[in-house]
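Colleague: So that you can map any letter, position 59 of the sequence shown is 59 in the UniProt record's numbering, and since no number is skipped, the others follow by simple counting.
Supplied in structure tokens, the structure appears directly below.
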Amino acid sequence: PDTRWNDAARLAVTQGLQARLGAGLHVELKLQDVIVPEASGKYRYVVSHVPLQLGLAQATAG
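See the structure below:
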């Protein structure tokens with residue numbers, strides 16, 4: 001990260017996610033020095049701690 005990553009940038013990311021996914025969305029941003037690639041070589045920029053079954057149940061409820 002450089003000097004562009006500041007409180008205003010964090011707020012913009014949080015508000016953007018909440019605008020798309022709901023105001024009740026809990027967003028926790030963690031600054032990392034390095035993002036280690038997965039075994040596939042791809043980088044995971046977002047880590048969700050929502051159990052898969054819960055996420056699927058909510059996605060299909062309606």
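All C-beta atoms in this analysis are idealised placements derived from N, C-alpha and C, irrespective of residue type, glycine included.
Keep in mind it's a predicted model, so treat the numbers as computed, not measured.
Whose C-beta lies closer than 8 Å to the C-beta of R10 among residues of the same chain, with five residues either side of it excluded?
Modeller: L29.
Colleague: Could you tell me the boundaries of the alpha helix (DSSP H) in which G16 lies?
Modeller: Taken as a continuous stretch (DSSP letters only), the alpha helix (DSSP H) holding G16 covers 7-21.
Colleague: Using the C-alpha atoms, what's the distance from H26 back to A12?
Modeller: If you take the alpha carbons of A12 and H26, they lie about 14 Å apart.
Colleague: For I35, which residues from the same chain have a beta carbon less than 8 Å from its beta carbon, with the 5 sequence-adjacent residues on both sides left out?
Modeller: Around I35: Y43, R44, Y45.
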